[in-house]
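Presented below is the structure to which this report refers.
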Amino acid sequence: MKAIHYINQFFGQIGGEEAAGHEPEIREGQVGAAMALQAALGSGVDVTHTIICGDNFMGSNTEEAIRRILSFLEGKEFDIFFAGPAFRAGRYGVACGHICDAVQKKFGVPVLTSMNEENPGVEMYRSKMVIFRGGASAAAMKKDVAAMTGYGLRLIKGEKLLPAAREGYFGRGVRDQVWLDPPVNATDRVIDMLFKKLRGEPFQTELPIPKTDRVPIAPAIPPEELAKMNVALLTSGGIVPFGNPDRIQSASATRWGKYDITGIDDLKKGEYMTTHAGYDPAAANNDPDVVLPLDALRAYEKEGKIGGIHQYFYATVGTGTTQAEAARMAGEIVEELKSAGVRAAILTST
Amino acid sequence: MTKVIENAGITIVQMANLLPVAKTVGVNRLVPTISIPYPLGDPATPPDVQFNLRHHRVGVALDALTTDIDEPKVFKVSI
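For the record, the sequence lines run as chains A and B.
Sequential numbering from -6 applies to the first sequence in my numbering.
Sequential numbering from 503 applies to the second sequence in my numbering.
What follows is the structure, encoded as structure tokens:
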């Protein structure tokens, strides 16, 4: 097996800050920190090349640096790509993220890096690659290299890998189903968690929600403007025309639908239904307005509180759907809303 | 979903039952609903009672769209 290692000017023994403009180069064999990587990988994996690039060169000429490094790698055989560890060095961490992302995309090989949690490279790239939780400074070199290489060896040999927290890397927001050994059914697990919560003991949820950035609060719409504009209705509660013509999945949805409600004042039983498998559908099937309140919104249209209702409502199913999929679908729906000039929306969730 | 839509500059209010989840994922304007399977109308009550509840809460949601906020807010409902 073969590996290639990316390091910066400092760990490539070119120099410190004064050499941060060092142009990318590739050398055969191991230089500087790559020797520590080779030692940790052992005899089964050869670190055939070391790539060295100054942090400022990567920072100021990112596209050019990536282009040159990818051209170095063209035609070389390698099974895995390592970058860093970058510790708390911000520019270095971001550089490791840039190059790992590009190498992974172009060559399809696994990429691994390591950074301290304070490194800005973590937030930029944690969802795209495995970044190990590293120490604050080069004093942690041995430990951080061992974490990356231990995982890397098991990865390329196809051995069993554990969730991010157990392996010691930053969660990517990827959900995976695992079988417990020995098996403990969900009821027992949740009751156990509940008891721990009641006793004030620490417990770990099985569905951690990735922390996400806040979005800027959209401005309020003056009531007199709302009285003239169309309001859009959206739902993650799975309301669709009867029979679910777009076959939106009942859980872990990847599809959404848009349905024309021109001239419809009320969502009637037998004409609309829910396809959501995460709640008892009886009430929603009997009167879909309890999930998507078209009848009430029509009343406000008649009262003149809103100018009208956007021609379509948009629906998907929220249960089991990852935040990444939800964001992708919302991005597609946003394009529709923007092109129709919609500025106000109500989303109902179940 | 709400965040992506809001990030595009569209003023949006989410009507949700799982308020802690909606708050965690970063929804800014929130109006509570009464349950998961029937957010806006309890099937154990007569249709006009259900409609009144729904009409009231959708009204709160529309008022939320016209209200300036400087931090995430759960708007109060009275029925």
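Heads up, the beta-carbon is just placed ideally off N, CA and C, and yes, glycines get one too.
Since this is a predicted model, take the numbers as computed values, not measurements.
Taking the Cα of residue 115/A as reference, the smallest distance to any Cα among 60/A, 7/A, 93/A, 134/A is reached at 93/A.
Annotated three-state conformation of residue 569/B is coil, per DSSP. Taking the CA atoms as reference points, residue 166/A sits about 37 angstroms from residue 264/A.
Contact annotation for residue 548/B against chain A: no contact, minimum CB-CB distance about 12 angstroms [criterion: below 7 angstroms]. Annotation for residue 291/A: 258 place their beta carbon closer than 6 angstroms to its own, counting only its chain and skipping 5 residues before and after. With respect to the 8 angstroms criterion, residue 551/B and residue 579/B are not classified as neighbours on the basis of their beta carbons. Rounded to the nearest angstrom, the gap between the Cα atoms of residue 190/A and residue 179/A is 16 angstroms. Under DSSP, residue 230/A shares a beta bridge with 310/A.
Annotation for residue 267/A: the continuous beta strand (DSSP E) segment containing it runs 265 to 267.
Under a 10 Å Cβ-count criterion, residue 232/A is classified as buried, with 16 or more other Cβ atoms of the shown protein chains found around its own Cβ. In the DSSP assignment, residue 107/A is bridged to 125/A. Residue range 287 to 296 is occupied by the alpha helix (DSSP H) that includes residue 295/A. Nearest neighbour of residue 168/A by Cα position, chosen from 318/A, 343/A, 17/A, turns out to be 318/A. Within the stretch 157 to 200 of chain A, the complete alpha helix (DSSP H) segments at least 4 residues long are 157 to 160, 179 to 191, listed from N- to C-terminus.
Taking a C-beta cut-off of 8 angstroms against chain B, none of the residues of the stretch 75 to 93 of chain A qualify. For a cut-off of 8 angstroms, the C-beta gap from residue 272/A to residue 341/A is around 13 angstroms, too long to register as a contact.
Across the structure, residue 282/A and residue 323/A are spaced so that their CA atoms are roughly 22 angstroms apart.
For residue 331/A, the secondary structure class from DSSP, reduced to helix, strand or coil, is helix. Not a single CB atom of chain A sits nearer than 8 angstroms to the CB of residue 577/B. Residue contact with chain B for residue 310/A: absent (no Cβ-Cβ distance below 8 angstroms to any residue of chain B). If the five residues before and after residue 131/A are omitted, its C-beta is found closer than 7 angstroms to the C-beta atoms of 80, all from its own chain and listed in chain order.
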